[in-house]
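Input: a single structure, listed below in structure tokens.
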Amino acid sequence: MAHHGPPLHLQWRFIALIAVGGAIGTALRAGLGTALATDGFPVATFSVNLAGAFGLGMLLEALVRFGNDTGHRRVLRLGLGTGFFGGFTTYSSFAVETAGFLTRGDDGLAVGYALGTVVAGALATVLGVMAGATLHRRRARRGRAA
Numbered sequence: 000m001a002h003h004g005p006p007l008h009l010q011w012r013f014i015a016l017i018a019v020g021g022a023i024g025t026a027l028r029a030g031l032g033t034a035l036a037t038d039g040f041p042v043a044t045f046s047v048n049l050a051g052a053f054g055l056g057m058l059l060e061a062l063v064r065f066g067n068d069t070g071h072r073r074v075l076r077l078g079l080g081t082g083f084f085g086g087f088t089t090y091s092s093f094a095v096e097t098a099g100f101l102t103r104g105d106d107g108l109a110v111g112y113a114l115g116t117v118v119a120g121a122l123a124t125v126l127g128v129m130a131g132a133t134l135h136r137r138r139a140r141r142g143r144a145a
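For the sequence shown, numbering that gives the first Met the number 0 begins at 0 and goes up steadily by one.
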């Protein structure tokens, strides 16, 4: 289906939706950062990035399987995917924490954290995609049974 009107990134309703989702995701991340604060390994950043990778993988896979990027699916993709998960996850904190380990001479921890985050994030994304596909299959089965 062709899109008519201004591009999505110029439509205020979508800009506002992304901003609200981003504010909520950022606030939740900040709260978890405080609750999970440690002096050593950055548990909070690692956890939110893995949860975000899983959630985004699940959301996007489910949305693409349920249909075209229109209507409520577009709202969910932009509000939750771009907004919430964009604000919830944090590459900048991950980079600063990795650089901090290197600066302190914790080269092994820096490499382990960096590689661990990338590998675990990829795995979390794959698991999220699998979960999204499962959601779609279950919904399709319920639809046929009705």
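Even for Gly, the Cβ is constructed at its ideal location relative to N, Cα and C.
Please read these numbers as outputs of a predicted model, since none were measured by experiment.
Sequence-distant residues of its chain with Cβ nearer than 6 angstroms to residue i (five each side left out)
{"i": "residue 43", "result": "31, 32, 35"}
{"i": "residue 17", "result": "77, 81, 82"}
Reference residue i; option with closest CA among the options
{"i": "residue 132", "options": "104, 61, 40, 141", "result": "61"}
{"i": "residue 224", "options": "13, 28, 124, 93", "result": "Because the chain is modelled from 0 through 145, residue 224 falls outside the range shown and cannot be assessed."}
{"i": "residue 54", "options": "69, 79, 4", "result": "79"}
{"i": "residue 135", "options": "75, 58, 87", "result": "58"}
{"i": "residue 87", "options": "140, 50, 141", "result": "50"}
{"i": "residue 108", "options": "71, 140, 41, 138", "result": "41"}
{"i": "residue 122", "options": "14, 104, 48, 142", "result": "48"}
{"i": "residue 91", "options": "63, 72, 45, 104", "result": "45"}
Sequence-distant residues of its chain with Cβ nearer than 7 angstroms to residue i (five each side left out)
{"i": "residue 113", "result": "97"}
{"i": "residue 74", "result": "16"}
{"i": "residue 22", "result": "86"}
Own chain, CB closer than 8 angstroms to residue i, minus 5 neighbours either side, in chain order
{"i": "residue 106", "result": "100"}
{"i": "residue 104", "result": "none"}
Beta-carbon proximity check, residue i vs residue j, cutoff 8 angstroms
{"i": "residue 52", "j": "residue 120", "result": "yes"}
{"i": "residue 24", "j": "residue 84", "result": "yes"}
{"i": "residue 56", "j": "residue 117", "result": "no"}
{"i": "residue 28", "j": "residue 69", "result": "no"}
Boundaries of the alpha helix (DSSP H) in which residue i is found, first to last residue
{"i": "residue 45", "result": "42–65"}
{"i": "residue 22", "result": "11–34"}
{"i": "residue 3", "result": "That residue, residue 3, is in no alpha helix (DSSP H); it is neither H nor E in DSSP."}
{"i": "residue 87", "result": "84–87"}
{"i": "residue 78", "result": "Counting along the chain, residue 78 falls outside any alpha helix (DSSP H), and DSSP gives it neither H nor E."}
{"i": "residue 102", "result": "90–102"}
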